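Protein chains in written order, with the working numbering: chain V, 288 to 1013; chain S, 480 to 739.
Yeah, the Cβ is synthetic: ideal placement off N, Cα and C, and Gly gets one too.
Here the structure is a predicted model, which means the values were calculated and not measured.
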Amino acid sequence: MTKTISRRDFLKLGAAASAALVVGQMLPPLVAQAAREAGHLNAAGDGYIPSMCEMCVWRCGLIAKVKDGRVVKLDGNPEHPHSRGKLCPRGQSGLMNTYDPDRVLNPLIRVGKRGEGLFRKASWDEALDLVAGKMTDIKEKYGPEAMVFSSTHNLSQVQFENLLYAFGSPNYGTQRSLCFNAMITAFSLTYGVEEPSRKYDDVEFILMVGRNMMEAISTSETSELSHAIDRGAKLVYLDPRYTKTASKATEWIPIRPGTDSAFLLAMINVIVSNELADCEFVKQYVVGCDGIQDEMRRYTPEWADQITGVPAATIERIAREYAAAKHNALAHPGWRTSNFINSFQTERAIATLNALSGNVLTPGGCLTAEVSAEGAGLGIPHQPPYPRISAPRLDGVPWKYPLVPLKLGVFQELRDAILTGEPYQAHGWFISRQNPVMSLPDRTKTLEAFGKMDFIATVDIILNDTAWFSDVILPEASYLERYDPLLPVGDKAFLRQPVIEPQGEARSALWIYKQLGERLGLGDYFQYEDEEDYIRQQLKPLGVSLEEVKEKGYAEMPEEDKNGEITFNTPSGKIEVYSETLKNAGFSPWPTWEEPPIPGKNEFYLLTGKVAQHTQFGTQNNPLLHKYSDEPRLWMNAKTASKLGLSNDDWVEITSQVGAAHSKLLATEAIRPDCVYLTPGYGHLSKGLKTAYGIGASDSALHVTYTDPISGGQALSQTFVTVKKA
Amino acid sequence: MTEIKHKAFLFDATRCIDCRACMVACSVENNIPMDKTRIWVAGVGIKGEFPNLDRASMVYHCMHCEHPGCLSACPVGAYTQREDGPVIYNPDVCIGCRYCMNACPFGVPHFDYDKGIVDGAFIDKCTFCPQRIDNGQQPACVATCPTDALEYGERDELLKKAHERIAAHPNRYVNHVYGEFENGGTSYLILSHVPFSELGLPNLPETPVNAVSEAAIGLTLPVALGWGAALTAVTAGVHLYNRKKEEVATVESTTEEVGI
Chain V
288 MTKTISRRDF LKLGAAASAA LVVGQMLPPL VAQAAREAGH LNAAGDGYIP
338 SMCEMCVWRC GLIAKVKDGR VVKLDGNPEH PHSRGKLCPR GQSGLMNTYD
388 PDRVLNPLIR VGKRGEGLFR KASWDEALDL VAGKMTDIKE KYGPEAMVFS
438 STHNLSQVQF ENLLYAFGSP NYGTQRSLCF NAMITAFSLT YGVEEPSRKY
488 DDVEFILMVG RNMMEAISTS ETSELSHAID RGAKLVYLDP RYTKTASKAT
538 EWIPIRPGTD SAFLLAMINV IVSNELADCE FVKQYVVGCD GIQDEMRRYT
588 PEWADQITGV PAATIERIAR EYAAAKHNAL AHPGWRTSNF INSFQTERAI
638 ATLNALSGNV LTPGGCLTAE VSAEGAGLGI PHQPPYPRIS APRLDGVPWK
688 YPLVPLKLGV FQELRDAILT GEPYQAHGWF ISRQNPVMSL PDRTKTLEAF
738 GKMDFIATVD IILNDTAWFS DVILPEASYL ERYDPLLPVG DKAFLRQPVI
788 EPQGEARSAL WIYKQLGERL GLGDYFQYED EEDYIRQQLK PLGVSLEEVK
838 EKGYAEMPEE DKNGEITFNT PSGKIEVYSE TLKNAGFSPW PTWEEPPIPG
888 KNEFYLLTGK VAQHTQFGTQ NNPLLHKYSD EPRLWMNAKT ASKLGLSNDD
938 WVEITSQVGA AHSKLLATEA IRPDCVYLTP GYGHLSKGLK TAYGIGASDS
988 ALHVTYTDPI SGGQALSQTF VTVKKA
Chain S
480 MTEIKHKAFL FDATRCIDCR ACMVACSVEN NIPMDKTRIW VAGVGIKGEF
530 PNLDRASMVY HCMHCEHPGC LSACPVGAYT QREDGPVIYN PDVCIGCRYC
580 MNACPFGVPH FDYDKGIVDG AFIDKCTFCP QRIDNGQQPA CVATCPTDAL
630 EYGERDELLK KAHERIAAHP NRYVNHVYGE FENGGTSYLI LSHVPFSELG
680 LPNLPETPVN AVSEAAIGLT LPVALGWGAA LTAVTAGVHL YNRKKEEVAT
730 VESTTEEVGI
């Protein structure tokens, strides 16, 4: 294993924690007192408190073991449908996210040049006044649209968005276009639902297109998939890399990158031209059944064979097996589906395969496309309407990307607008719990865009790379130290509640946004006294007390009315395999083949992916995850490496159109000869991340910005690189 | 008097996704220093040639043998075996002689060579989480396993379950439960889709190591008595000296990185 933090660091950490305890004792120990009242802790302050994980966005229920004011162990909450008593390695390591020796525990104000990492500690009053003052200056001088806001999926995001809309800026960057835009836009257009849920109880045949479920772990779903395989369900898995999911699959198909949709279209061809689907049944609910045979005629297995490198007979056989499983077949929608500029078409083909199997339509089928609005049934604070926004968005939605939903956006396109000043110049950037320096493609461009900013403020719990380049850092309480708004899952609304006091001066996002809102003259938009009051207002329609929810960890929700009719939230009310909306926007109304670019001579596809121990770019500094992760490396097919005169553990230079990076090489049989894969999440620039700094390379330094014109997704596997000995 | 049933683990290599949740959970539950571990990954990893590949890996910790060689070899009684099976190690009694390391056929007990005996280094290994199992919980590694590759229960029951699984899927598993008889039986039972040697497991006879070693020790004791007394006096002196120092130290071990 690679180096880990030393014993001395451990002692240092202990000392820091006891210092925090001394401070805590001067204040009323609110968390402990509340936990005692809820019956979680005994008189000595020891016991178990239910809350929710935040090491990824799956949000498992957890039970925190607390002793002497410290959290000492996390277990999965058996009552939570996302964890069912289990936690993944990230969830298990969660307390070292809270006790990371690199936590930022005071507001910081930059004193050196941007990127030098010189900051001074400040009081909350000074830091908040400074941020609000700068934002007000920018608003008065250039209009509210000159402030860019960006944040990644989290439970307090609703109040982040509240701040953004109240401030009046249209410029909102989320991680979504770097992640699941292709899936969400395709399924929204086809089924009227963003992400259909999967059911594995009776599944017989599962098709996964790069959904690396055994490494990109979603605890309950990973468990369900594993049990389905154990029962004997067939898993066909498409991936250019032999991932751990590939090793569990019945059949692994190392398809050529960018050609998934050709494979899927040929499957559809086999099913419709041989009439393997129950068309009479499906027809009642699907728009496009009539023309699909003609439309798919050209996509024969032989045609797909030439493109994908998968034998026609294999495609034909898999299509027939899929069709034979009927509504117990599942073509998994995937998750991070931002791979190529044709990824939207891949997702449309997946949506179509599901429609043909009848799995959405048949009771007990493997896919559910029920619409349930997030937070429906919960109360919200009353507040005035938002100001009208007239400025266009800098990311081109919808004027350049007509079909991308506003809340998804096209984050990677923001920077060109910032650098060119067209259609107008942005001047400030407010970032919460997000690390665009690492997550956006073409890191050089991101840092150039930062250079155009008069002011950058970041909310985070550690000095992530974006915070490192910021002017002010506002320290957030970790997920074990704070409340967030309730999360409805099925028939329950789950609570994230603090299990220990916030360390140092760290405060919750709900508190930070409200404080900032008040200083910006937007206090009317933050109609809650504190975090508990916010949750009480959420609970009001349920008639449940906060005390009861704190004790149980959740509130029961009333059952939704289901009238039994099958309708879809699309213009026709049916599943739209043929989409007028797409046609009207100038795109193909059918799932269709779009040829992606291919690497030139001596170039490789640069693949990205996931490891089970990390979430994107946010967890590499967690000492426990660092301890149990493999050393990050560049994977290359062993025979290719040997032809290039490269061996295992050689240092190599990887070069793309926009940058270069150095990495150690892993020569392995587990990848196609025309691909390389870089362990994701590493190559941090912030020296404030003492565990992670200096380890691995960042693919954001290499990724070229390519945007799928329909979904706005960044094509993360479309960057081609050369590799040579460093 | 009712017989006390032995507790055990069942590990199924076909289910393990090598996510290492068990390793992190153990590390937190037992407050293991950042450079130590009590669970390892073993096995050959990826095997075959592109695109005909397979993967062979497993996680393992102390096997909690029915007839623990470590316990027999320990000259000071630092090891004990609970009535329900777990083999417990007591660092307060350990003199750091490392006999147990030689006696264990699985290479489980680890010693902190950075420190050495004078600095108060001890052996370390899995304890079966008595603080959890006595509290009605599963051991930390089992409780969190997302795919149920690790299970916990009574040894008899788990053996039955393992054989049922083999019978239900004869083409999936090697027709053997490793640990049922090896070394006289272990409490870490293993099911695999590849030969056990590919998981890094030794091919052991059914006769436990300590059956042989105890006989040998019986003969050599009178001979060694003089030497033994002298050595024990020295070691005990060092040990007493160490006991005065409060610092707790743990063993060195490394996680073997599996080919990925």
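Same chain, Cβ closer than 6 Å to residue 315/V, neighbours up to 5 away in sequence not counted
Residue confidence is low: residue 315/V scores 43 on pLDDT, short of 50, so the model does not pin down where it sits. Its coordinate-derived value is still stated next. Contacts found: none.
Is there contact here, the region 514–532 of chain V with the region 631–647 of chain V, by at least three beta-carbon pairs under 8 Å?
no
Give a yes or no on whether the minimum CB-CB distance between residue 899/V and chain S is below 8 Å.
yes
Which bits of chain S does residue 373/V rub up against, with CB to CB less than 8 Å?
500, 622, 623, 624, 625
If we cut at 8 Å on Cβ distances, does residue 497/S have a partner in chain V?
yes
Out of 500/S, 622/S, 564/S, which has the shortest C-alpha to C-alpha gap to residue 364/V?
622/S
Curious, which full-length beta strand (DSSP E) runs of at least 3 residues does the region 447–498 of chain V contain?
492–496
Take residue 757/V as the anchor and find which of 343/V, 357/V, 405/V has the nearest alpha-carbon.
405/V
Which residues in the same chain as residue 705/V place their Cβ atom closer than 6 Å to its Cβ, once the five residues preceding and following it in sequence are excluded?
713, 736, 739
Could you list the residues in the region 496–517 of chain V with a C-beta less than 7 Å from some C-beta on chain S, going in chain order?
501, 504, 506, 509, 510, 513, 517
Kindly indicate which three-state DSSP category residue 1023/V falls into: helix, strand or coil?
A query on residue 1023/V cannot be resolved here, the shown segment of chain V reaching from 288 to 1013 and no further.
What does a CB cutoff of less than 7 Å around residue 572/S pick up in its chain, not counting 5 residues either side in sequence?
555, 556, 557
When you compare only the Cα positions, how much space is there between residue 739/S and residue 746/V?
Annotation note: pLDDT 37 at residue 739/S (below 50); position unreliable, no value reported.
I'd like to know whether the C-beta atoms of residue 791/S and residue 678/S end up nearer to each other than 8 Å.
The shown model of chain S, from 480 to 739, leaves out residue 791/S, and the question about it has no answer.
Excluding the five sequence neighbours on either side, which residues of its own chain have a C-beta within less than 6 Å of the C-beta of residue 818/V, listed in chain order?
770, 795, 797
Cβ-Cβ separation, residue 667/V to residue 824/V (assumed contact under 8 Å), whole Å:
7 Å
Quick one: does residue 506/S have its CB under 8 Å from some CB of chain V?
yes
Residue 530/S: contacting residues in chain V (beta-carbon distance under 9 Å)
529, 539, 540, 541, 956, 959
Counting contacts by CB-CB distance shorter than 8 Å, is residue 936/V in contact with chain S?
no
According to DSSP, simplified to helix, strand and coil, what is residue 529/V?
coil
Of all the residues that make up the region 976–995 of chain V, which are near chain S by a beta-carbon distance shorter than 7 Å?
none
Kindly say whether residue 523/S, judged by its beta-carbon, lies nearer than 8 Å to any beta-carbon of chain V.
no
Residue from 341/V, 356/V, 719/V whose Cα sits closest to the Cα of residue 323/V
356/V
Mind checking whether residue 384/V and residue 792/V have CB atoms under 8 Å apart?
no
DSSP state of residue 1007/V mapped onto helix, strand, coil:
strand
Where the beta strand (DSSP E) through residue 337/V begins and ends:
334–339
Which residues does DSSP list as the beta-bridge partners of residue 891/V?
1008/V
So, helix, strand or coil for residue 844/V, using DSSP?
coil
Which residue's Cα is closest to the Cα of residue 870/V: 476/V, 536/V, 411/V?
476/V
According to DSSP, is residue 495/S part of a helix, a strand, or is it coil?
coil
I need the straight-line Cα distance from residue 608/V to residue 964/V, nearest angstrom please.
31 Å
Quick one: list the residues of chain S neighbouring residue 575/V, beta-carbon separation under 7 Å, in chain order.
Per Cβ cutoff of 7 Å: no residues; residue 575/V is ~35 Å from chain S at best.
Endpoints, beta strand (DSSP E) assigned at residue 515/V:
No beta strand (DSSP E) contains residue 515/V, which is instead part of the alpha helix (DSSP H) from 506–518.
Which residue spans inside the region 390–441 of chain V form an unbroken alpha helix (DSSP H) run of at least 4?
411–429
Just checking, does the region 830–848 of chain V make contact with the region 556–565 of chain V on the three C-beta pairs under 8 Å criterion?
no
Within 10 angstroms of the Cβ of residue 675/V, are there 16 or more other Cβ atoms? Answer buried if so, exposed if not.
exposed
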